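A.B. asks: Handing you a structure now.
2 protein chains.
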Amino acid sequence: MKEGLAGSPGASELLVQVDELLGDDLVRVEQIFAEELKSWHPFVNDVLEHMTRFRGKRLRPILLLLSAKACGAITNDHFVLAAVVEMIHTATLVHDDVLDDAEIRRHVATINSRWNNETSVLLGDYLFTHAFHLASSLESTLACRLIGRSTNIVCEGELSQIHQRGNHELTEAEYLEIIEGKTAELCALCCQLGAHFADSGEQTSQSLREYGRCLGIAFQIADDLLDVLGSEDQTGKSLGSDLQKEKLTLPLIRLLGQSGPAQSAEIRRLLADPNDNTRSRLKKFFELSDAVEYSFARANEFALAARQQLGNLPDSISKRLLEDLTEFATRRNW
Amino acid sequence: MKEGLAGSPGASELLVQVDELLGDDLVRVEQIFAEELKSWHPFVNDVLEHMTRFRGKRLRPILLLLSAKACGAITNDHFVLAAVVEMIHTATLVHDDVLDDAEIRRHVATINSRWNNETSVLLGDYLFTHAFHLASSLESTLACRLIGRSTNIVCEGELSQIHQRGNHELTEAEYLEIIEGKTAELCALCCQLGAHFADSGEQTSQSLREYGRCLGIAFQIADDLLDVLGSEDQTGKSLGSDLQKEKLTLPLIRLLGQSGPAQSAEIRRLLADPNDNTRSRLKKFFELSDAVEYSFARANEFALAARQQLGNLPDSISKRLLEDLTEFATRRNW
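Chains as they are written, first to last, in my numbering: chain A, 1 to 334; chain B, 1 to 334.
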């Protein structure tokens with residue numbers, strides 16, 4: 001999932017509010033992240049330092065800390081856990097760049113293009129194992145256990161997506177299963193950890209987990225819409241990476257489902273041989289169908305379901321920010 | 001490190017003795033390994049099942065269980081930990097095959113050649129994260145902490161090796177630092193975990209750790225000798241992968257150190273442009289130098305140092321087998 005939150009004015013305003021509330025806490029998380037990722041080896045340090053340049057909006061630490069604050073108070077364990085989930089997320093990004101042969105991430109050369117694939121694979125492994133090393137500095141094994149389980153589900157989701165690449169018969173249910181794993185699970189984990197380590201009861205932790213899961217699905221559907229349609233400044237310029245990799249996403253699944261045999265055959269031909277014109281040639285089909293509106297509505301349903309999970313929390317700024325996040329999740333132009 | 005223990009008659013005899021002592025225990029470890037690595041997803045299961053076909057001699061579980069038995073008794077925690085270290089080792093093998101573009105492992109197609117690099121990278125991640133998930137099922141966080149630290153050191157060793165590729169000025173000290181990380185650390189961890197979870201005191205756990213570290217170094221030097229010289233049935237047929245990847249190992253470091261300027265320049269030219277004749281062309285230089293004998297002697301020193309760490313353990317079959325392992329470590333034809 002790309003974290004393009006900053007694109008819309010509403011979203012940047014939200015990020016400013018998050019920063020006002022969590023600024024010092026996020027700095028503390030950054031410090032732990034940086035302190036932990038120091039190596040005695042100069043080359044490893046060079047790679048780690050380069051990596052910090054393409055770090056993103058810290059959505060996962062934000063989810064974890066907001067959940068903690070909405071359920072009680074932020075403790076030292078939360079800082080550690082927020083650094084852990086950011087490390088795991090960074091590991092998946094570094095490995096994604098190998099899988100996608102990506103050359104640029106956030107305007108900076110990827111590890112694989114600056115050095116080589118070997119360095120990326122090993123750096124990802126280093127980050128994964130370091131995340132667990134850090135998680136095991138907490139008193140109980142619960143965090144390790146939950147993080148281990150979730151990262152497994154993430155890997156299964158990604159493996160499943162690789163396997164389904166080029167499958168034009170993918171169903172909506174199968175698509176949802178994939179994004180639940182590859183995206184929603186880590187968001188769910190963040191919110192659950194935030195709540196649990198703020199001494200919430202099991203029920204609240206599970207509600208927050210469900211909030212994160214639904215929010216993650218909404219985010220991913222919106223992201224997949226953007227990939228197929230292109231954002232305003234991207235349309236016609238570059239091919240979405242899902243199209244490139246023949247990953248079927250919700251808008252395409254709906255489009256194919258609504259098409260008659262002749263149109264469906266034409267779309268499949270387009271998808272099977274992606275090139276720079278694919279997106280613009282798909283556009284006319286999207287304009288004649290409800291696929292975009294349908295996908296947008298589905299994303300909204302998940303965003304609403306996420307919001308409803310917050311019902312029993314006491315009012316607070318953190319709660320309101322968690323609510324606001326569900327609105328920005330489905331804005332197409334972020 | 002390749003685990004070719006079975007090659008020599010002495011080594012197979014040792015493995016029979018290990019199997020007599022640990023047969024049922026190793027079966028239990030296999031069961032945990034297999035039970036843990038089941039996925040609800042058919043594709044993930046297919047990949048996991050394929051992976052089991054190139055599993056090796058289980059050297060790491062053997063080290064862990066022998067250490068446990070030599071220090072006290074094997075407990076349920078040991079079975080779990082032995083499955084964990086085997087999972088981590090398998091993860092590194094799966095990623096090594098991507099790094100090396102390997103097509104065959106133990107006469108079976110690698111994951112990257114049977115499927116693709118993406119599947120290999122994600123399967124490795126799945127194994128790493130699953131290992132930590134399993135380790136966190138134990139009561140204390142200590143195992144996670146030790147395993148996290150060691151896997152980090154392994155990754156640093158491998159990153160360092162990648163970085164030093166093609167560096168013909170690598171020193172013996174730098175070489176030892178690399179193999180301490182990439183190979184010896186996991187062996188050290190196995191022996192330490194075996195001892196610690198058999199309720200050994202700190203001193204014994206550290207002695208066993210040091211045993212594993214020295215044994216791992218001895219193994220790796222012997223393995224690197226084999227890569228440069230070729231085993232009897234390999235010589236002249238295929239290029240060693242270290243030569244192919246321009247990884248300087250102890251025999252070459254010594255050979256370069258003993259050579260005059262003209263000879264050294266010729267060797268460097270050979271190393272810089274590896275092909276199928278490189279090994280046979282290096283042979284004449286090895287025959288005129290002490291590089292092979294020197295490397296063999298260094299491996300023997302580490303094997304002896306490993307053996308000496310066992311001095312304070314009470315006599316037992318396990319202790320004797322740990323001692324015997326130090327002898328087989330440096331046999332060139334295993």
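Glycine included, C-beta positions come from ideal geometry on N, C-alpha and C.
None of these values were measured; they are calculated from a predicted model.
For chain A, find out if any of its Cβ atoms is closer than 7 Å to the Cβ of Leu252(B); answer yes or no.
C.D. replies: For the purposes of this step, residue 252(B) is identified with residue 252 of the second sequence, where counting begins at 1. Answer no: the Cβ-Cβ gap between Leu252(B) and chain A never drops below 7 Å.
A.B. asks: Where do the N-terminal and C-terminal ends of the alpha helix (DSSP H) with Glu139(B) fall, by residue?
C.D. replies: If you number the second sequence from 1, residue 139(B) lands on position 139. First-last for Glu139(B): undefined, no H or E at that position.
A.B. asks: Ordered along the chain, which non-local residues of its own chain (more than five positions away) have a Cβ less than 7 Å from that of Arg268(B)?
C.D. replies: Residue 268(B) sits at position 268 when you count from the first residue of the second sequence. Here the set comprises His168.
A.B. asks: For Ala353(B), does the three-state DSSP call read helix, strand or coil?
C.D. replies: The structure shown has nothing for residue 353(B), since chain B only spans 1 to 334.
A.B. asks: Determine the chain B residues that contact Asn167(A) at a beta-carbon separation under 9 Å, and present them in chain order.
C.D. replies: Here the question's residue 167(A) lines up with position 167 in the first sequence. The contacting residues do not exist; Asn167(A) stays about 11 Å from chain B at best.
A.B. asks: Contact between the segment 77-84 of chain B and the segment 42-53 of chain B is defined here as three or more beta-carbon pairs at a separation below 8 Å; is this criterion met?
C.D. replies: no
A.B. asks: At least one CB of chain B closer than 7 Å to the CB of Met1(A): is that the case?
C.D. replies: The residue labelled residue 1(A) in the question sits at position 1 within the first sequence. In this prediction, Met1(A) has a pLDDT of 46, which is less than 50 and means its spatial position is unreliable; nothing more can be read from the coordinates.
A.B. asks: Indicate the three-state DSSP secondary structure (helix, strand or coil) for Ala73(A) in the structure shown.
C.D. replies: Residue numbering aside, residue 73(A) sits at position 73 when the first sequence is read from its first letter. Coil at Ala73(A), not helix or strand.
A.B. asks: If you measure between the beta carbons of Ala329(A) and Leu146(A), is that distance less than 7 Å?
C.D. replies: Residue 329(A) sits at position 329 when you count from the first residue of the first sequence. Residue 146(A) sits at position 146 when you count from the first residue of the first sequence. No, Cβ-Cβ distance for Ala329(A) and Leu146(A) is not below 7 Å.
A.B. asks: I want to verify the contact list: residues of chain A whose CB lies under 7 Å from the CB of Tyr294(B), in sequence order.
C.D. replies: Here the question's residue 294(B) lines up with position 294 in the second sequence. The contacting residues do not exist; Tyr294(B) stays about 27 Å from chain A at best.
A.B. asks: Answer with buried or exposed for Ser318(A), where buried requires no fewer than 16 other C-beta atoms within 10 angstroms of its C-beta.
C.D. replies: Within the first sequence, residue 318(A) is the residue found at index 318, counting from 1. Here Ser318(A) is buried, its C-beta having at least 16 other C-beta atoms within 10 Å.
A.B. asks: Does any C-beta atom of chain B lie closer than 7 Å to the C-beta of Asn152(A)?
C.D. replies: The sequence position of residue 152(A) within the first sequence is 152, counting from 1. True, the Cβ-Cβ gap to chain B drops below 7 Å.
A.B. asks: Compute the Euclidean distance between the alpha carbons of Arg307(A) and Glu139(B), then round it to the nearest angstrom.
C.D. replies: For the purposes of this step, residue 307(A) is taken as residue 307 along the first sequence, with counting starting at 1. For the purposes of this step, residue 139(B) is taken as residue 139 along the second sequence, with counting starting at 1. C-alpha separation (whole angstroms): 36 Å.
A.B. asks: Could you spell out the range, first to last residue, of the alpha helix (DSSP H) harbouring Pro261(A)?
C.D. replies: On the first sequence, position 261 is the one that residue 261(A) refers to. 261-272 is the extent of the alpha helix (DSSP H) around Pro261(A).
A.B. asks: Going by the DSSP bridge assignment, what does Val121(B) pair with across the sheet?
C.D. replies: Numbered from 1 along the second sequence, position 121 holds the residue referred to as residue 121(B). Per DSSP, none; premise fails for Val121(B).
A.B. asks: Give a yes or no on whether 7 Å exceeds the smallest Cβ distance from Asp125(B) to chain A.
C.D. replies: Along the second sequence, read from residue 1 onward, the residue named residue 125(B) stands at position 125. Closer than 7 Å to some Cβ of chain A, the Cβ of Asp125(B) qualifies, so yes.
A.B. asks: Counting only beta-carbon separations shorter than 7 Å, does Ser136(B) have a partner in chain A?
C.D. replies: Residue mapping note: residue 136(B) aligns to position 136 of the second sequence, counting from 1. Yes, Ser136(B) lies at the interface with chain A (some Cβ there is under 7 Å from its Cβ).
A.B. asks: Distance, Cα to Cα, His50(A) vs Val121(A)?
C.D. replies: As a working note, residue 50(A) is residue 50 in the first sequence. As a working note, residue 121(A) is residue 121 in the first sequence. Rounded to whole angstroms, His50(A) to Val121(A) spans 15 Å at the Cα level.
A.B. asks: Is the segment 210-227 of chain A in contact with the segment 249-260 of chain A, if contact means three or more CB pairs nearer than 8 Å?
C.D. replies: Yes, the segment 210-227 of chain A touches the segment 249-260 of chain A.
A.B. asks: Just how far apart, CA to CA, sit Thr119(A) and Leu37(B)?
C.D. replies: As a working mapping, residue 119(A) is identified with position 119 in the first sequence. As a working mapping, residue 37(B) is identified with position 37 in the second sequence. Approximately 27 Å between the Cα atoms of the pair.
A.B. asks: Below 8 Å on the Cβ atoms is my contact criterion, and I expect Thr129(A) with Cys155(B) to pass it. Report the Cβ-Cβ distance as a whole number of Å.
C.D. replies: Taking the first sequence and counting its residues from 1, one reaches residue 129(A) at position 129. Taking the second sequence and counting its residues from 1, one reaches residue 155(B) at position 155. Indeed, because the Cβ distance is near 6 Å, the residues count as touching under 8 Å.
A.B. asks: Count the other C-beta atoms from every protein chain shown that fall within 10 angstroms of the C-beta of Asn275(B), then say buried if there are 16 or more, exposed otherwise.
C.D. replies: Counting from one through the second sequence, the residue named residue 275(B) turns up at place 275. Exposed: under 16 other Cβ atoms inside 10 Å.
A.B. asks: Suppose contacts are defined by Cβ-Cβ distances below 7 Å. Is Leu15(B) in contact with Asp324(B) by that definition?
C.D. replies: If you number the second sequence from 1, residue 15(B) lands on position 15. If you number the second sequence from 1, residue 324(B) lands on position 324. Not a contact, by the Cβ cut-off of 7 Å.
A.B. asks: Considering only residues of the segment 270-331 of chain A, which uninterrupted alpha helix (DSSP H) runs meet the minimum length of 4 residues and lie entirely inside it, listed in chain order?
C.D. replies: Given a length threshold of 4 residues, each whole run of the alpha helix (DSSP H) inside the segment 270-331 of chain A is given here in chain order: 278-287, 291-308, 317-329.
A.B. asks: Between Lys69(A), Thr171(A), Leu288(A), Asp19(A), which has its C-alpha nearest Gly257(A)'s C-alpha?
C.D. replies: Reading the first sequence from its first residue, position 257 is the one you call residue 257(A). Per the Cα distances, Thr171(A).
A.B. asks: Comparing C-alpha positions only, which one of Ser264(A), Ser259(A), Asp273(A), Pro261(A) sits nearest to Asp242(A)?
C.D. replies: As a working mapping, residue 242(A) is identified with position 242 in the first sequence. Among Ser264(A), Ser259(A), Asp273(A), Pro261(A), the Cα nearest to that of Asp242(A) is on Asp273(A).
A.B. asks: Can you find a C-beta in chain C that's less than 7 Å from the C-beta of His163(A)?
C.D. replies: This model lacks chain C altogether; the protein chains it does include are A and B.
A.B. asks: What are the residues in the segment 26-45 of chain A lying within 7 Å of chain B by C-beta distance?
C.D. replies: Ser39, His41, Phe43, Val44
A.B. asks: Go ahead and label Leu288(A) buried or exposed: buried means 16 or more other beta carbons lie within 10 angstroms of its beta carbon, across all protein chains shown.
C.D. replies: Taking the first sequence and counting its residues from 1, the one referred to as residue 288(A) is at position 288. Under this definition Leu288(A) is an exposed residue.
A.B. asks: With DSSP collapsed to three states, give me the class of Ala198(B).
C.D. replies: The residue given as residue 198(B) occupies position 198 in the second sequence. The answer is coil: DSSP assigns Ala198(B) none of H, G, I, E or B.
A.B. asks: I'd like to know if Thr129(B) contacts chain A, where contact means its C-beta is closer than 7 Å to some C-beta of that chain.
C.D. replies: The count along the second sequence starts at 1 and reaches residue 129(B) at position 129. Taking Cβ atoms only, chain A reaches closer than 7 Å to Thr129(B), which makes this a yes.
A.B. asks: State yes or no: is the C-beta of Val299(A) within less than 7 Å of the C-beta of Leu255(A)?
C.D. replies: By one-based count along the first sequence, residue 299(A) stands at place 299. By one-based count along the first sequence, residue 255(A) stands at place 255. In the sequence as displayed, the identity of residue 299(A) is Ala instead of Val. No, they are not a contact pair.
A.B. asks: How would you write the range of the alpha helix (DSSP H) that Ala230(A) sits in, first residue to last?
C.D. replies: Taking the first residue of the first sequence as 1, we reach residue 230(A) at position 230. According to the sequence provided, residue 230(A) is Gly. The question's Ala does not apply to it. Gly230(A) -> no alpha helix (DSSP H), and no H or E assigned at all.
A.B. asks: Any beta-carbon of chain B closer than 7 Å to the one on Leu270(A)?
C.D. replies: For the purposes of this step, residue 270(A) is taken as the residue at position 270 of the first sequence. So no, Leu270(A) is outside the interface.
A.B. asks: Is Ser295(A) near Leu226(A), with beta carbons less than 7 Å apart?
C.D. replies: As a working note, residue 295(A) is residue 295 in the first sequence. As a working note, residue 226(A) is residue 226 in the first sequence. No, Cβ-Cβ distance for Ser295(A) and Leu226(A) is not below 7 Å.
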